[in-house]
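K.L.:
Number of protein chains: 6
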Amino acid sequence: MTLIREMSSGSEFVGFYLLREFEVKQTNGTPAKDYFDIVLCDASGQLSAKYWDVSPAEKSLFAPMGLVKVQGVVQLYREKLQIKVNRIRLAVEQDGVAIADFIKAAPIAAADLVHTIQRTASEIADAELRGLVDYCLAKVGDKLSHYPAAKTHHHNYYSGLAYHTVRMLEIGDFICRQRPFLNADLLRAGILLHDIAKTEELTASLGIVSEYSLQGRLIGHIALASTWVTEAALKLGIPADSPKVVALQHLILSHHNLGEWGSPVQPQTAEAIALHYIDSLDAKLQMAEDALGALPEGEAWTPMIRGLENKAIYRTVF
Amino acid sequence: MTLIREMSSGSEFVGFYLLREFEVKQTNGTPAKDYFDIVLCDASGQLSAKYWDVSPAEKSLFAPMGLVKVQGVVQLYREKLQIKVNRIRLAVEQDGVAIADFIKAAPIAAADLVHTIQRTASEIADAELRGLVDYCLAKVGDKLSHYPAAKTHHHNYYSGLAYHTVRMLEIGDFICRQRPFLNADLLRAGILLHDIAKTEELTASLGIVSEYSLQGRLIGHIALASTWVTEAALKLGIPADSPKVVALQHLILSHHNLGEWGSPVQPQTAEAIALHYIDSLDAKLQMAEDALGALPEGEAWTPMIRGLENKAIYRTVF
Amino acid sequence: MTLIREMSSGSEFVGFYLLREFEVKQTNGTPAKDYFDIVLCDASGQLSAKYWDVSPAEKSLFAPMGLVKVQGVVQLYREKLQIKVNRIRLAVEQDGVAIADFIKAAPIAAADLVHTIQRTASEIADAELRGLVDYCLAKVGDKLSHYPAAKTHHHNYYSGLAYHTVRMLEIGDFICRQRPFLNADLLRAGILLHDIAKTEELTASLGIVSEYSLQGRLIGHIALASTWVTEAALKLGIPADSPKVVALQHLILSHHNLGEWGSPVQPQTAEAIALHYIDSLDAKLQMAEDALGALPEGEAWTPMIRGLENKAIYRTVF
Amino acid sequence: MTLIREMSSGSEFVGFYLLREFEVKQTNGTPAKDYFDIVLCDASGQLSAKYWDVSPAEKSLFAPMGLVKVQGVVQLYREKLQIKVNRIRLAVEQDGVAIADFIKAAPIAAADLVHTIQRTASEIADAELRGLVDYCLAKVGDKLSHYPAAKTHHHNYYSGLAYHTVRMLEIGDFICRQRPFLNADLLRAGILLHDIAKTEELTASLGIVSEYSLQGRLIGHIALASTWVTEAALKLGIPADSPKVVALQHLILSHHNLGEWGSPVQPQTAEAIALHYIDSLDAKLQMAEDALGALPEGEAWTPMIRGLENKAIYRTVF
Amino acid sequence: MTLIREMSSGSEFVGFYLLREFEVKQTNGTPAKDYFDIVLCDASGQLSAKYWDVSPAEKSLFAPMGLVKVQGVVQLYREKLQIKVNRIRLAVEQDGVAIADFIKAAPIAAADLVHTIQRTASEIADAELRGLVDYCLAKVGDKLSHYPAAKTHHHNYYSGLAYHTVRMLEIGDFICRQRPFLNADLLRAGILLHDIAKTEELTASLGIVSEYSLQGRLIGHIALASTWVTEAALKLGIPADSPKVVALQHLILSHHNLGEWGSPVQPQTAEAIALHYIDSLDAKLQMAEDALGALPEGEAWTPMIRGLENKAIYRTVF
Amino acid sequence: MTLIREMSSGSEFVGFYLLREFEVKQTNGTPAKDYFDIVLCDASGQLSAKYWDVSPAEKSLFAPMGLVKVQGVVQLYREKLQIKVNRIRLAVEQDGVAIADFIKAAPIAAADLVHTIQRTASEIADAELRGLVDYCLAKVGDKLSHYPAAKTHHHNYYSGLAYHTVRMLEIGDFICRQRPFLNADLLRAGILLHDIAKTEELTASLGIVSEYSLQGRLIGHIALASTWVTEAALKLGIPADSPKVVALQHLILSHHNLGEWGSPVQPQTAEAIALHYIDSLDAKLQMAEDALGALPEGEAWTPMIRGLENKAIYRTVF
């Protein structure tokens, strides 16, 4: 089976893919004819595709996010690769294919990531901080295991949010050992909750974001997570103006560092400073790692990456 | 009695003033001698003052924010007027002076402003929005009547916050009549709550801000008010993600318009746009009106005003 | 007759429309064939259209801004609706259609707007200010009644400029009642003239801007209006450096507030501050109102709007 | 006689100086005593000075911008040199000193500079452009010969404006010879008028700016000069919208290049681009030359210079 | 023979052109057919072209940067002119055409430019500066004669770099005569070397840049040229920290003036200030001159030019 | 002995201190009298001090950076603590005090830091990278052990540069273990050399920077270190354009991330991204740690810190 990342102009193939986007459109000709304007993906990447010879019966068979078997050929169209589908059908049980194999996911299993997150939360020594964190994790429920961390920016895949969180926890623990004056409980709580409201800001399925929610657009994950901490404090009977609650909200609110990047206040505790730079370090390196990982063998430069000051990244090889 | 605003170099005076700031310091000479480094104010303005011949008994008599009777002379020191105090004593009951007469205050009585605010809140037709507003107003309690709206920026005096709110309500009502498509309930609720958490952000007495609180510095009045709405919704049993709650929080969160001005999200409803510009219009005009009002007769230009792009304002006279 | 705003993919229609843009082009095929690349509009919106089967005789019949009768079908082309014209002919007198019915216009009749503007000008108490305003209004002549206020930004339709001016006058009168220290004559004069040179900056017909004029590009409406005041002062025998002339020019020159927004000086009188924020309030709310008004039933978000920090606007409904 | 630039801590001197600033103040002691707070200058620089033992008779003898004979001593006060005046008297005719010898001035005589300017204006081939320039030069009158080009920024001395203009004309002529496609008449007219309204923006005497005028603050020299061209066109019967008038106004309006630097429009003709960079080149180099010229022998770095990105300049010597 | 700049829709032509870009692509149809997607240019401009009826034999005949004879027709495609090639063949010796006639080049012969550059270098009086300059010029070798100064920004043609350098030398000499305090040797050396590493930053042929080199992207011509001066100093035995070496590196490093424009340090010598503004003056005027030169007869406005604040330039004609 | 950090207004003390700054000045009185304007420091902090009763003999005894014994009293002067010295003498051998005990230094011994740095350099597997690093470390010599990393910003004390480097190496090693795709050799080399030229940019003694050098001001440590790599490559016979040399220079040149922060190129390799954020993380946290460490017991907020967005830092305690 041909991986999407390995397709090149002219290659013919048969294989299973995920129907990431699906729309029935009509040609401009007279009479107008139906065709499928679709996006196929697997764990290695995605390509847009057209299926021209649609029969009326086929129109109602497909829907986005389903698995399909496709026979097609790859063509160049306006400088980009595009698939011309010759045959397409839904995958059935006997095909023995599973959606999980066709989506991009973090390199560590979701269950392991969630386990690490919950263990870390349980190890927060301060009972009130631990209570606040547990409340918010519980509120998120199952989304913790599979949500991406962003629509396109970074960690935009299955379990991306949990993976980003776990990696940051590792760095945070290292920095706390290096600098014992830091409040490790607070930094851990901040890392665990800094992006937690992305589960509400984004509408996602299988690690793929389809849109921003109303709360996501009108409130944003930063202010939203701050209200969750208030809610947790109320439910747990912790005064909303206690230094612990305030310090934790401060970490969340300031973690984008500057107003123009979305933070209504700027970091004013050592833990807030640590959180911001650990977040940047992990997110930026992941963007570079993912872009280099997707680079075809033999190429030296990735495409331009918005989150990296719109720069292309060079693969260091020597 | 000489108003502070009318004092000029060389004038001698006797009168009652508010001891806005008070500190005992020591001269550099040998032996060092105690002196009072103080700020005197009345409703017309304020001046720093020195009292050099402090007796040991006097040192413990005074405290900030008390009324005092002063005999002194005005001098020029480093280009600025300064009072040399010759005699000073605490005001006593028989003097018949009241603190309220010595502080700068909004031109409308506090009780009237609070009445207008509460009446407006009670006229919000939507029961849930009305409940959210009432909850927050009740939470603020007495501070609503006397808090200033800022430390130095604008409406920085007794009842400044209430005055700013009432004026904005007037403009808001006019705009809603002009443009009926606007949701008047929502805009009113947004005006009533947009600066409500300044009562927690600032520590103030008699309309004078002494400092920012911990919550003020680490969370800020914008994100803080947003958590109050969440709290209100929880207490009232309104779902935190209902469009009403979200739209009201959006008004609060976006009312500074841009990230660099402190808003984590930008206005995305017509009411949020209205709120921001009504707020700016009222605050900026008040800065100009106050600065021109404090301008000595015959002068054409105010000092530079930070909140007005650091420009001086010219008195238009013809 | 189908309104353009109500057209959807696949719908067939017959009706009258305004030929907003018209060009004869040639296909790429061999031999190349003529076709019409046009834009059709009515008061509800506009769509691009193609007419493929052009006969030689038809090529010279049409011109931009004429009314036509069209029989066609709506198609999707590159994600956007486009009209495929089957038949097209010029409207004739017997059709009983009038251009005025096919263009977007302010919701108040042009004559009423002009009347309000002229009455307000005549009520300016100060004879010299009144003279300066009258001179500039007279200079503009008929354009006052129908010019738009911008190419795309805001009030970009028939009588848009007059409508914007009248609405601002209403707000200005309200603010002057609220704050009597403001010079109402000066503020009115400023509102009347602040955008007056848009009639020279833009080349417009029927409320639709086709291009910027040479003066518009090399001088701009702000500096241009300032020279008109000088011209008026010279003609009326008012010294160009009299405080009235200077204050009025200042209002015009500073009304965009910041240098990066096109104002060579920043507001330095209370009236200039009022003018800027009244202008912003009215223009921004109009953008939101127009965008929401054009939103199809059932949709919640407008497209992104450049003049509103490039944000989409959410329709507040509850 | 000791030049001010050569004074160092501890040096005693007798000499004639210009009384650049003069104010009678009072000491803080009891009883307060009068003293003179003054600034003395000569062509080499300036220093602040105090005269403590003022007799009542002396108080009314002096005024700013008069020549005085001073006997004093130089002291260090708060890291800066300051003169302690022991004796001071007005200069009298018999002293044989002339104000012109005590002020900083351009290195070329005012009359020569004015002659060059007028000759250049007369050589503009295009009669209309020449007329516009002549009108504005005539309007300025005598100020052309002695006005500075700025308060502190650059060319802030006697004939500074004329000197800056003449130097720019030289560079402009060179560039026009190098690039014949440029319209030399237009560029010359632009150079002659680009800063001409500084004569109205600033209030200056002997090359020293005391303040900005009302027009200077509310309109600014850029928009002001643009209105002068309109005035000239009206008087000369040239249509205000003729390309020549518009192009000349464009040069003036755009010569600061960016909105944040004060230009309401950006350069859009080759001549406007040339004008901006010739202006920058001459102004910036003059700042560097003046700062290096004022640098004491043996020092390598000037103070920080606001107009040069707030950088100090290093004297290149090898 | 039809110049590319003179082609208009519908015109048929036969002539010689340079094959600036060449790629074999395939149509979307079934079966897919080969076609040439090419760019043809001559000294007057360039146009994209398609050749549809490619025979298998033709596919291997062509390569970028070769001369070809073309018979074709000009068509409009998506608002832009495009050539439909009917016949194409390689130019042969007998055709008597030379590549040099088909590329855009500086208006002065390369040999003359190089001669001026080398003569100027040899006239630098200071032996060490002269040595540093000579070393760098020698390092560049032949590229000095033909390299462009940029990919698209300015002087983007054959000998563009040398032409830019020579013009700047002329202005520099003029300014040094006008201001004798400037170190003419240093300024000349700075002009000669400021863009010298563009020969390594860019990969160019016949004045056309194909891409940025690895050094160009990771180091940039500014820091790169600075290391060349270090290399030269080491080879010539001049201490790397001698004021001459440092001052010359400073000119190179600071010539973009601001950090956001690529300079790690800002100008801090008079010569560095001169260099920056001379560079800007020459580059900006050249952009305007080239854009106006390419403007078809009768048009008044060039396209928008990125390097000129993204403004279009108006042709001043009167 | 009283630590400077523990001094408060009114406390009298005797002890040894380092004479960090020393100047003889004169009072303004008549006759002027000599006094010492000095700064005393120990490892805990510094205070300015005055010694008024200077005898002629004493004037020549002292010099900056010597150890002195002082008897004095602490006073408040203009809101700040200041020492009034009653007696002062040079420390002598018998006093048994060592300069090293009076200066602020990294918490790890210089020898240990240097050892770690050299061991890390020797463990770079790639021989060429190792050679480049070794060359630069050798060039710096002894300064490596004691130089600060900045004048005031961060790590501004004895061994500050080495301490910063070692801490970054620790983080770098952790990140390379976390993300094996990173080139650990290259990142280590980048960390070792990124600030290496601060030893030339700054003039420092005992960890205290007195000024910036000529190279520091005109070239800066970023471009300077890049030339050192070129020099190393030349000496070691490694081509200056080899990918290793280029990649290492890229790390140095881009480590400030943005042009406005001093980097002429932006990070374009994963290792360059890692370097920038590791550098920020370590520097910012050190600023916070040092400021909190210097905060008197019982205080919650540090002064504003320029390098931390000019924010004060709150001590998290719960």
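Residue numbers (the UniProt record's numbering), protein chains in the order written: chain A, 1 to 318; chain E, 1 to 318; chain Z, 1 to 318; chain C, 1 to 318; chain R, 1 to 318; chain D, 1 to 318. Backbone N, C-alpha and C fix where the C-beta goes; we use that ideal spot for every residue, glycine too. Quick caveat: nothing in here was measured; it's all calculated off a predicted structure.
In chain order, which beta strand (DSSP E) runs of at least 3 residues are fully inside the UniProt domain "HD/PDEase" (157–293) of chain E?
P.N.:
202–205, 208–212
K.L.:
Report the neighbours of G220 (chain C) on chain Z: residues whose CB is nearer than 9 Å to its CB, in chain order.
P.N.:
Correct list: L253, P264, V265.
K.L.:
Determine the chain E residues that contact W261 (chain A) at a beta-carbon separation under 9 Å, and present them in chain order.
P.N.:
G259
K.L.:
State the Cα-Cα distance for the pair H153 (chain E) and G307 (chain E), rounded to the nearest angstrom.
P.N.:
6 Å
K.L.:
Could you say which of A:V246, A:A127, A:N86 lies nearest to G15 (chain A) if we only look at CA atoms?
P.N.:
A:N86
K.L.:
Among all the DSSP beta bridges, which residues are the ones paired with A105 (chain R)?
P.N.:
R:Y158
K.L.:
Given this structure, state the Cα-to-Cα distance separating H221 (chain D) from T116 (chain C), to the nearest angstrom.
P.N.:
48 Å
K.L.:
At what residues does the beta strand (DSSP E) containing E12 (chain A) begin and finish?
P.N.:
12–26
K.L.:
What first and last residue would you give for the alpha helix (DSSP H) that runs through R89 (chain R)?
P.N.:
From DSSP, R89 (chain R) is part of no alpha helix (DSSP H) but of the beta strand (DSSP E) over 80–90.
K.L.:
What residues in its chain sit with their C-beta under 8 Å from that of K25 (chain E), if we drop five residues either side in the sequence?
P.N.:
D34, Y35, F36, D37
K.L.:
Can you tell me which of the three DSSP states V97 (chain A) falls into?
P.N.:
In the structure shown, the three-state DSSP call for V97 (chain A) is coil.
K.L.:
Can you check whether the C-beta of Q75 (chain D) is within less than 8 Å of a C-beta belonging to chain E?
P.N.:
yes
K.L.:
Would you kindly check if the distance between the Cβ of T269 (chain D) and the Cβ of T227 (chain R) is under 8 Å?
P.N.:
no
K.L.:
Under three-state DSSP, which class holds G45 (chain C)?
P.N.:
strand
K.L.:
In the DSSP output, what is W301 (chain D) paired with across the bridge?
P.N.:
D:Y314
K.L.:
Where do the ends of the beta strand (DSSP E) carrying G131 (chain Z) lie?
P.N.:
G131 (chain Z) -> not in any beta strand (DSSP E); alpha helix (DSSP H) instead, spanning 127–140.
K.L.:
Leaving out the 5 sequence neighbours to the left and right, which residues in its chain are closer than 6 Å to F13 (chain A) when beta-carbon positions are compared?
P.N.:
T2
K.L.:
Which residues bound the beta strand (DSSP E) around K69 (chain E)?
P.N.:
66–77
K.L.:
Less than 8 Å between the beta carbons of residue 348 (chain Z) and H164 (chain Z), yes or no?
P.N.:
With chain Z covering 1 to 318 only, the question about residue 348 (chain Z) has no answer from this structure.
K.L.:
What do you reckon, are the CB atoms on D279 (chain D) and H155 (chain D) nearer than 8 Å?
P.N.:
no
K.L.:
Check the Cβ of Q82 (chain R) against every Cβ in chain A and list those closer than 8 Å, keeping chain order.
P.N.:
Those within 8 Å of Q82 (chain R) in chain A number zero; the least Cβ separation is about 14 Å.
K.L.:
In the DSSP assignment, what are the bridge partners of I38 (chain Z)?
P.N.:
Z:F22, Z:A49
K.L.:
Do the segment 134–149 of chain A and the segment 160–180 of chain A touch if we need at least three Cβ pairs shorter than 8 Å?
P.N.:
yes
K.L.:
To the nearest angstrom, how far is it from the Cα of G201 (chain C) to the Cα of K151 (chain C)?
P.N.:
Residue identity differs from the one stated: residue 201 (chain C) is Glu in this sequence, not Gly. Linking E201 (chain C) to K151 (chain C) through their CA atoms gives a straight-line distance of about 10 Å.
K.L.:
What separation, rounded to the nearest whole angstrom, lies between the Cα atoms of A204 (chain Z) and F102 (chain Z)?
P.N.:
16 Å
K.L.:
When the Cα of L192 (chain Z) is compared with those of Z:P243, Z:V209, Z:S122, Z:P180, which residue comes out closest?
P.N.:
Z:S122
K.L.:
Buried or exposed, going by whether 16 or more other CB atoms sit within 10 Å of the CB of D142 (chain R)?
P.N.:
D142 (chain R) should be labelled exposed.
K.L.:
Taking P243 (chain E) as the query, report the chain Z residues whose CB atoms sit under 7 Å from its CB, ordered along the chain.
P.N.:
At a C-beta separation below 7 Å, P243 (chain E) has these neighbours in chain Z: F318.
K.L.:
Please list the terminal residues of the continuous alpha helix (DSSP H) segment that includes R119 (chain D).
P.N.:
Where R119 (chain D) is concerned, the enclosing alpha helix (DSSP H) stretches over 110–122.
K.L.:
Is L18 (chain Z) near D53 (chain Z), with beta carbons less than 8 Å apart?
P.N.:
no
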